[in-house]
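A.B. asks: The following block contains the structure, expressed as structure tokens.
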Amino acid sequence: MKRREFTLAAAAALLAPAAPARADNYPSKPVRLIVPYPPGGGTDTVARVVFERVAVLMGQPFVVENKAGAGTTIGLGELARARPDGYTIGVGGTSDPLLPLLYDGLAFNPSADLTFVATLATVPIVLAAGPGIPAKTLQELLAAGRAKGAQPMAYASPGTASPHHLAGIYLGEMAGLPLLHVPYKGTSQALTDLVGGHVPLAMLGLPSALPYVRQGKLKILGVATAQRSALAPEIPTISEGGVPGFNAGYWWHVTVPTGTPQAVIARLRDAVDKTLRTPALTESLLKSGFEPMLLSPAEAEKALKEDTAKWTKVIRANNLRGG
Numbered sequence: 004m005k006r007r008e009f010t011l012a013a014a015a016a017l018l019a020p021a022a023p024a025r026a027d028n029y030p031s032k033p034v035r036l037i038v039p040y041p042p043g044g045g046t047d048t049v050a051r052v053v054f055e056r057v058a059v060l061m062g063q064p065f066v067v068e069n070k071a072g073a074g075t076t077i078g079l080g081e082l083a084r085a086r087p088d089g090y091t092i093g094v095g096g097t098s099d100p101l102l103p104l105l106y107d108g109l110a111f112n113p114s115a116d117l118t119f120v121a122t123l124a125t126v127p128i129v130l131a132a133g134p135g136i137p138a139k140t141l142q143e144l145l146a147a148g149r150a151k152g153a154q155p156m157a158y159a160s161p162g163t164a165s166p167h168h169l170a171g172i173y174l175g176e177m178a179g180l181p182l183l184h185v186p187y188k189g190t191s192q193a194l195t196d197l198v199g200g201h202v203p204l205a206m207l208g209l210p211s212a213l214p215y216v217r218q219g220k221l222k223i224l225g226v227a228t229a230q231r232s233a234l235a236p237e238i239p240t241i242s243e244g245g246v247p248g249f250n251a252g253y254w255w256h257v258t259v260p261t262g263t264p265q266a267v268i269a270r271l272r273d274a275v276d277k278t279l280r281t282p283a284l285t286e287s288l289l290k291s292g293f294e295p296m297l298l299s300p301a302e303a304e305k306a307l308k309e310d311t312a313k314w315t316k317v318i319r320a321n322n323l324r325g326g
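Dropping the structure here:
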């Protein structure tokens, strides 16, 4: 090779981007794990419980970085802009594809810029009734709410356009039940007002409501998922209670920037799936109020498409915006 050709080739090699780490060596260094919520919440808890064990399995730490704000768009936006090499991953939810409908000028498209890796866990949403509601079952509540001259019943949720808010709208539509939404900034105040009788109903996460139910301060009239919850199998679903086909499940999954090598995605998915299948992890999640969720990529894609189509209709019909 001539000297000039050699020099140009060497320069090109130096300027070329570094080759991604070999998949069979992944991960060879710590991995950033972006959680688009504050520390201590449900998403954060699930991420830490699962990836503490994934780290042991894969031999590298997964360092949680909480990037909260603007309805998860801050954290997910940073994830979407990250280098797609497997060393920045995140936790997403079933509501991610809905963000462009709720927030104007979003600088990224979750459906195009983020790629699904593996399911993690679900937290059942429930319809909870405070002490001022005489109904002991969902059937009794529906009968009272549909009665001639009945006024719309108020229900609390942790926030506008939250999965709990959407579930309440969907319940009202499917059941023919007039409901009035009362948004709160988080679960804590909504629970306080529900227990205190300041708001009659609420759509909340089962783990938040269950302690008050066991103290006799609240009633759960139905679980919003298709099947009964392993956390409280004695509580019927809303579908069983008189609204056939009702399903407003919410679940979390691992997601990465689009363009991440498929071999890296496969290794991550395998590690997460193996972790979720261990009895110790199942026990740990259930104690924290969450249920492990194992879906194949095809099953997850189908579920996400169905959920996105359903909630898109609800959001557009009610002109909802992000809170």
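Going from the sequence shown to our numbering is simple: count from 1 and add 3.
All C-beta atoms, glycine included, are put in the ideal place defined by N, C-alpha and C.
State the Cα-Cα distance for the pair Trp-254 and Ala-147, rounded to the nearest angstrom.
C.D. replies: 32 Å
A.B. asks: Using alpha carbons as the reference points, say which of Leu-284, Phe-119 and Lys-308 lies closest to Phe-54.
C.D. replies: Per the Cα distances, Leu-284.
A.B. asks: Give the straight-line distance between the Cα atoms of Thr-311 and Pro-236, rounded to the nearest whole angstrom.
C.D. replies: Rounded to the nearest angstrom, the two C-alpha atoms are 27 Å apart.
A.B. asks: From the DSSP output, which residues share a beta bridge with Glu-68?
C.D. replies: Ile-37
A.B. asks: Which first and last residues belong to the alpha helix (DSSP H) in which Ala-266 is found?
C.D. replies: 265-279
A.B. asks: Just the Cα atoms here: how many angstroms apart are Ala-131 and Ala-26?
C.D. replies: 47 Å
A.B. asks: Which residues share a DSSP beta bridge with Thr-240?
C.D. replies: Val-226
A.B. asks: If you check the beta carbons only, do Glu-347 and Ser-232 fall under 8 Å apart?
C.D. replies: An answer regarding residue 347 cannot be provided, because it is not within the stretch 4 to 326 covered by the chain.
A.B. asks: Give the DSSP bridge partners of Tyr-158, in chain order.
C.D. replies: His-184 and Leu-204
A.B. asks: Could you compute how far the alpha carbon of Val-185 sits from the alpha carbon of Ala-157?
C.D. replies: 7 Å
A.B. asks: Would you kindly report the start and end of the unbroken alpha helix (DSSP H) that includes Ile-92?
C.D. replies: Note, Ile-92: premise wrong, no alpha helix (DSSP H); beta strand (DSSP E) at 91-96.
A.B. asks: So, helix, strand or coil for Ile-136, using DSSP?
C.D. replies: coil
A.B. asks: Could you give the DSSP three-state label for Phe-111: helix, strand or coil?
C.D. replies: coil
A.B. asks: Less than 6 Å between C-beta atoms, sequence neighbours within five positions excluded: which residues of the same chain meet that for Gly-74?
C.D. replies: Gly-325
A.B. asks: Taking C-alpha atoms, which residue in Thr-228, Ala-227, Ile-238 and Ala-229 lies nearest to Val-216?
C.D. replies: Ile-238
A.B. asks: State the CB to CB distance for the pair Ile-241 and Leu-141, rounded to an integer number of angstroms; the pair is presumed to be in contact (CB under 8 Å).
C.D. replies: By a beta-carbon distance limit of 8 Å, Ile-241 contacts Leu-141. Their separation comes to about 6 Å.
A.B. asks: Buried or exposed: Pro-33, going by 16 or more other Cβ atoms within 10 Å of its Cβ?
C.D. replies: exposed
A.B. asks: If you reduce the DSSP assignment to three classes, tell me which class Leu-307 lands in.
C.D. replies: Helix at Leu-307.
A.B. asks: Using the Cα positions of Val-246 and Ala-170, report the straight-line distance between them to the nearest angstrom.
C.D. replies: 13 Å
A.B. asks: Am I right that Ala-193 and Leu-207 are in contact with their C-beta atoms under 8 Å? What's the rounded C-beta distance?
C.D. replies: 7 Å
A.B. asks: Using only alpha-carbon positions, find the residue among Glu-243, Leu-209, Leu-234 and Ala-251 that is nearest to Pro-227.
C.D. replies: Note on residue identity: the sequence assigns Ala, not Pro, to residue 227. With distances taken between Cα atoms, Ala-227 lies closest to Ala-251.
A.B. asks: For Thr-125, which three-state DSSP category applies?
C.D. replies: When secondary structure is reduced to three states using DSSP, Thr-125 falls in the strand class.
A.B. asks: Can you check DSSP and say which residues form a bridge with Pro-295?
C.D. replies: Ala-124
A.B. asks: With which residues is Ala-131 paired in a DSSP beta bridge?
C.D. replies: Ala-205 and Ile-223
A.B. asks: In the DSSP output, which residue or residues are listed as bridge partners for His-256?
C.D. replies: Gly-95 and Thr-122
A.B. asks: Return the Cβ separation of Val-275 and Ala-121 in integer angstroms, given the expectation that the two are a contact with Cβ distance under 8 Å.
C.D. replies: 4 Å
A.B. asks: Run the CB neighbour count on Ser-299, radius 10 Å, all protein chains shown included, and call it buried at 16 or more, exposed below.
C.D. replies: exposed
A.B. asks: Within a Cβ cutoff of 7 Å, which residues of the same chain sit near Ala-83, ignoring the five residues on either side of it in sequence?
C.D. replies: Phe-111, Asp-116, Leu-117 and Pro-260
A.B. asks: Could you check if Thr-46 is buried or exposed, using at least 16 other CB atoms within 10 Å of its CB as the buried criterion?
C.D. replies: Thr-46 is buried by the Cβ-count criterion.
A.B. asks: Count the other CB atoms within 10 Å of the CB of Lys-222; is the residue buried (16 or more) or exposed (fewer)?
C.D. replies: buried
A.B. asks: Apart from the five residues on each side of it in sequence, which residues of its chain come closer than 8 Å, Cβ to Cβ, to Leu-102?
C.D. replies: If we look at Leu-102 and ignore the five residues flanking it on each side, its Cβ neighbours are Gly-74, Thr-75, Thr-76, Leu-79, Leu-109, Pro-113 and Gly-325.
A.B. asks: Need the endpoints of the alpha helix (DSSP H) that Ala-164 sits in, please.
C.D. replies: Careful: Ala-164 lies outside any alpha helix (DSSP H) and carries neither H nor E.
A.B. asks: Can you tell me whether Leu-102 is helix, strand or coil according to DSSP?
C.D. replies: helix
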